[in-house]
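> Sharing a structure below in structure tokens format, with a few things to ask.
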Amino acid sequence: MRGTRKTRTAAGLTLAAGLVTAASIGIAGGASADPGSTEGKPTMQQPPKGARATVQVSPNPTTHRGQEVTITGNCGGGTGLKSVLGGFPEHPALENIRILETGPDRFVAKANVAEHIGNGVGPVFVDCGGEAGVTLLVTHV
Numbered sequence: 003m004r005g006t007r008k009t010r011t012a013a014g015l016t017l018a019a020g021l022v023t024a025a026s027i028g029i030a031g032g033a034s035a036d037p038g039s040t041e042g043k044p045t046m047q048q049p050p051k052g053a054r055a056t057v058q059v060s061p062n063p064t065t066h067r068g069q070e071v072t073i074t075g076n077c078g079g080g081t082g083l084k085s086v087l088g089g090f091p092e093h094p095a096l097e098n099i100r101i102l103e104t105g106p107d108r109f110v111a112k113a114n115v116a117e118h119i120g121n122g123v124g125p126v127f128v129d130c131g132g133e134a135g136v137t138l139l140v141t142h143v
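Numbering (our numbering), first residue to last: 3 to 143.
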């Protein structure tokens, strides 16, 4: 069974978000050992390959429907920004997404909060050509 490209992209980005979350929990949730020991304590590790892009949305939280937001970040070793997805294909949280800069070290995109959005939290995914990233967009409309 084959899905649309958008659906496959969303599924891939969702998987990457899950990997980042699992890695973060694994890093932060280590069992503690003897006091003064470094065993079991969190260390600064990179997220798994494929989930190293970073992404920020501002302003966040948003304050009204239709508000323009700026999506910025770093591709974490990926080739450059390929796409941005706010929400999910069936329930988009962002509309009119415009990619302005695609660089692997810094990317910039603009979008508008969808007119049907209510109060809540939803994901914003980026595909950076080999690396993916996710953050949460809080809407308070």
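Cβ atoms here follow ideal geometry from the backbone N, Cα and C, with glycine treated the same way.
Since the structure is predicted, the reported quantities are computational estimates derived from the model, not experimental observations.
Assuming LEU96 and VAL115 make a contact with CB atoms under 8 angstroms, what is their CB distance in whole Å?
About 7 angstroms separates the two Cβ atoms, so the contact holds.
> Can you confirm whether the stretch 45 to 61 touches the stretch 73 to 81 when touching is taken to mean that 3 or more C-beta pairs between the two stretches lie within less than 8 angstroms?
Counting Cβ pairs under 8 angstroms, three or more are found: they touch.
> Between the alpha carbons of VAL128 and ALA134, how many angstroms are there, rounded?
Taking the straight line from one Cα to the other gives about 6 angstroms.
> Using the beta-carbon count (16 or more within 10 Å), is GLY88 buried or exposed?
Buried, because 16 or more other Cβ atoms sit within 10 Å of the Cβ of GLY88.
> If I'm right that ILE119 touches THR104 with Cβ under 8 angstroms, what's the distance once you round it to whole angstroms?
Not quite, the Cβ-Cβ distance comes to about 26 angstroms (not below 8 angstroms), so this is no contact.
> Would you identify the three-state DSSP class for PRO94, choosing helix, strand or coil?
Reduced to three states, the DSSP call for PRO94 is strand.
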